[in-house]
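Taking it in order: structure first as structure tokens, then the write-up.
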Amino acid sequence: MKYRLAYKPEKCSGCLQCQLTCSFMFSRVFQLSAAHIQIHIKGAVYRAMFTDQCTQCGLCADNCLFGALTKSKSEVTN
Amino acid sequence: MKLGGFAGKTVSVDLSIGTVATEAIDEAVAREFIGGLGMCIKLAADRIPPGAAPLAPESVFVVGAGPLVGTNLPSSSRVYAVCKLPGTQTIGWCGAGGFSFGAQLKYAGFDHVVVSGRAANPVYLHVEDGRVDIRDAAALWGLGIEDACERIGGRHEGSIGVLTIGPAGEHRSTLSMAFVDRISTLGRGGFGAVMGAKNLKAIVVKGRGPIDVAQRRRFGRLSQTMLKNIREYVYLKEWQDLGMVKAFPVVPPDEYRKMKMRRVACVSCPVGCKDVVRIPEGPYEGLEKHSSSAINLLTPTMFGMQDISESIRLVIELDSVGLDMFEFFNVMEFAKKLVDAGIIHLQPDEIPVDLTSFDSMMSWTKKVACREGTGDLLADGVNEAIKKIGPSAAAHAGMLVKGIKPYAGPGAALPWDRFGTMELGQVLDPRGPHVGSGGSPTYFAIRPLTVFPKHLKRMGVPEAAIGRILGEKGTSLNVGRLLRYSHAWFATLGSLGICARGQVNRFYNADICAEAYEAATGIHTTKADLAERVARIWKTLRDLNLREGLDDSYEAFPEEWFGENGFKDYLTGEPLTIEQAEQMRLDYYDEWGWEA
């Protein structure tokens, strides 16, 4: 199933658990650069970017314990 | 065969001759010393020349991250350094929340960096995807921590890790520390001076490579189970909201929320105890600060400063120059006594020493960090100042353990008075007073003994030892014997790369640590195997210090700890006696099976 993914930068801690989980799921290694979600941090400004390879599986949201990433059931892409 | 979990290489840099050499991790050594802190200690034992002065060119320091660092196992991002510290003259560990530095080091292909020699001019190490360069740091020298990180960050696209010193380290003050990613502190005891003495401003790491684990399905199941357990932890949201203010409510939560901009976490940490704050009002309104915890920003209020915004502004300055704030306040307290007693005289243009005054402390921060005027006399701490001034100053030294003021206990910054493992550990950890290694259930005074067994089992304490610690009926407490297992638990977590803070390590136990290590590395490991390797690690650290001349005098208890205003027995609340403390010291070594 594809999920709609939402990112709330004000809740993001920059722990990068989403990137780690994603790369381990799809590349079988822990590699930030291979993740389909990329968190960009510049000072206190946080952004999330989903790459074209993102399958919207929602695993990143499942493993976000800060509530910055959430998923909802939807066929609509983010 | 490359081990899982490890990046696989150690890089050794000699700054005197400008050489860089890499070598593969020796699997046999990894089996014996686990990785991370353990491997740092092993490398230090092999590489630090016997008797080398801490700030001499031939002195060596090691920085490293454990085999779980860079994975998604919760809170596995710790960074350690091991060197001979100028503040204590002992070989000690320094540890920090690795933020992104540890993971980036691993992704760049290295588990450890060994640095020796002294560069002719200021340099920094640039580590990126398997390459290590020694680069000119002339433009960085003299910059504060934040400015240096900004300048270095501006040279790179994307995320990097930065370990850097400020002016205090450059001027080789033994009160200096290094900072990891501008947030975490590394090296009470003068690690900043160790880097500064090598003319090394920073280590910059950037990696795009992978960290593989040996048993992927097993490792994935373990990390998912742990994340599920943490998600269900009833106090998780409160920790995420308040951070260390939850444990140390130095300000009411509402006051804290006024300054809080966001909570930030080290890579892989689901709790996130670091802070970005903004001064909410007053003359410094709007100033922002990254900090290892908001409570650090309020440390000056423990020494009498009244205004919170001034306290934060002062800590911004202390962090910028790279000073250990506890040691700074200690040496300023000492200086004030010397001035009041007429033993030293300030120069005409120097502001009187007043620990409660913002203007005074701001002025002295710069003078100590940059060795200006009387600041030069104070920049190497109390003991070195006494050597320069003479015996008349010694009576004003106050409490010192291994040359450093205890951070916890009567008369210390954290004035709790029950004598648990953390308090005893200030004397028995070779690195001296530090909050890190003495954790146990006694961390929270005063807990009922009934909760101890489950925590001791979690820490991997054998059943027979639990009997020795809590007595046959479970009604007594042997702090010395318990501290032996606190140090072992700390070394276990540190060698794997897991954070030792209580709000995180509560989710781990010795079985999980063994399973995580085995799944990551592929090295067969039971709980008993880990215990054996940790004993080897801590023994190596002790032997290294014995080699350097550590004797009973390094483990002397301050006389201020005893008497009516001194420490109290953890259980009874009765004043602790020096005989009891000395017995704890003997019991500690007996529990390890070592000679005291």
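Chains as they are written, first to last, in my numbering: chain W, 1 to 78; chain U, 79 to 674. Beta carbons are placed, not taken as given, at the ideal position from N, Cα and C, and that holds for glycine. No experiment lies behind these values; they were computed from the predicted model shown.
{"Check": "A594 (chain U) and A609 (chain U) closer than 9 Å at C-beta", "Outcome": "no"}
{"Check": "Within-9 Å CB hit, N408 (chain U) to chain W", "Outcome": "no"}
{"Check": "Nearest-angstrom Cα separation, counted from A280 (chain U) out to R196 (chain U)", "Outcome": "14 Å"}
{"Check": "Residue-chain proximity (P348 (chain U), chain W), Cβ-Cβ < 9 Å", "Outcome": "yes"}
{"Check": "Segments assigned alpha helix (DSSP H), at least 4 residues, entirely inside the stretch 204 to 281 of chain U", "Outcome": "223 to 231, 245 to 248 and 269 to 275"}
{"Check": "Three-state secondary structure (DSSP) of S194 (chain U)", "Outcome": "strand"}
{"Check": "Of the listed residues U:P327, U:P132 and U:L424, nearest to M273 (chain U) (C-alpha basis)", "Outcome": "U:P132"}
{"Check": "G96 (chain U) vs I230 (chain U) beta-carbon contact at 9 Å", "Outcome": "no"}
{"Check": "Cross-chain neighbours of R28 (chain W) in chain U, by beta carbon under 7 Å", "Outcome": "R294"}
{"Check": "Within chain U, the residues that G14 (chain W) reaches when beta carbons sit closer than 7 Å", "Outcome": "V342 and A343"}
{"Check": "Local conformation of W670 (chain U) per DSSP, three classes", "Outcome": "helix"}
{"Check": "Cβ-based burial, D495 (chain U) [other Cβ within 10 Å; buried from 16]", "Outcome": "buried"}
{"Check": "Endpoints, the beta strand (DSSP E) within which D353 (chain U) is located", "Outcome": "K352 to R356"}
{"Check": "Coil, strand or helix - W639 (chain U) by DSSP", "Outcome": "helix"}
{"Check": "Buried versus exposed, by CB contacts within 10 Å (16 or more), F66 (chain W)", "Outcome": "buried"}
{"Check": "Helix, strand or coil at D418 (chain U) according to DSSP, with G and I counted as helix", "Outcome": "helix"}
{"Check": "Contacting residues, own chain, Cβ-Cβ under 6 Å from M25 (chain W) (five flanking each side not counted)", "Outcome": "L59"}
{"Check": "Short CB-CB distance (under 9 Å) between Q56 (chain W) and chain U", "Outcome": "no"}
{"Check": "Rounded C-alpha distance that separates N78 (chain W) from A61 (chain W)", "Outcome": "Note on N78 (chain W): pLDDT 44, under 50, position unreliable in the model; no value is reported."}
{"Check": "Any chain U beta carbon closer than 9 Å to A34 (chain W)", "Outcome": "yes"}
{"Check": "At least 3 beta-carbon pairs within less than 8 Å: the stretch 47 to 57 of chain W vs the stretch 5 to 23 of chain W", "Outcome": "yes"}
{"Check": "Distance between A99 (chain U) and S90 (chain U) (C-alpha atoms, nearest Å)", "Outcome": "5 Å"}
{"Check": "For V138 (chain U) and H40 (chain W), the rounded distance between their alpha carbons", "Outcome": "35 Å"}
{"Check": "Between the CA atoms of A143 (chain U) and F188 (chain U) - distance to the nearest angstrom", "Outcome": "9 Å"}
{"Check": "Contacts of A68 (chain W) in chain U (Cβ-Cβ under 7 Å)", "Outcome": "Under the 7 Å cutoff, chain U gives no residues; its nearest Cβ is about 10 Å from A68 (chain W)."}
{"Check": "Local Cβ density within 10 Å of M1 (chain W), reported as buried at 16 or more and exposed below that", "Outcome": "exposed"}
{"Check": "Residue burial classification, R341 (chain U) (beta-carbon count within 10 angstroms, cutoff 16)", "Outcome": "buried"}
{"Check": "Three CB pairs or more closer than 8 Å across the stretch 258 to 275 of chain U and the stretch 112 to 126 of chain U", "Outcome": "no"}
{"Check": "Supposed contact pair S573 (chain U) and V612 (chain U) - C-beta distance, whole angstroms, cut 8 Å", "Outcome": "7 Å"}
{"Check": "For R341 (chain U), the first and last residue of its enclosing beta strand (DSSP E)", "Outcome": "K338 to V342"}
{"Check": "For V191 (chain U) and I126 (chain U), the rounded distance between their alpha carbons", "Outcome": "14 Å"}
{"Check": "Exposed unless 16 or more other CB atoms sit within 10 angstroms - verdict on V147 (chain U)", "Outcome": "buried"}
{"Check": "Start-to-end residues for the alpha helix (DSSP H) that takes in Y595 (chain U)", "Outcome": "A588 to T599"}
{"Check": "CB contact below 9 Å: Y185 (chain U) versus chain W", "Outcome": "yes"}
{"Check": "Reduced DSSP category for K184 (chain U) - H, G, I as helix; E, B as strand; rest coil", "Outcome": "helix"}
{"Check": "Spatially closest choice to H368 (chain U) from U:P361, U:I394 and U:E359, by CA coordinates", "Outcome": "U:I394"}
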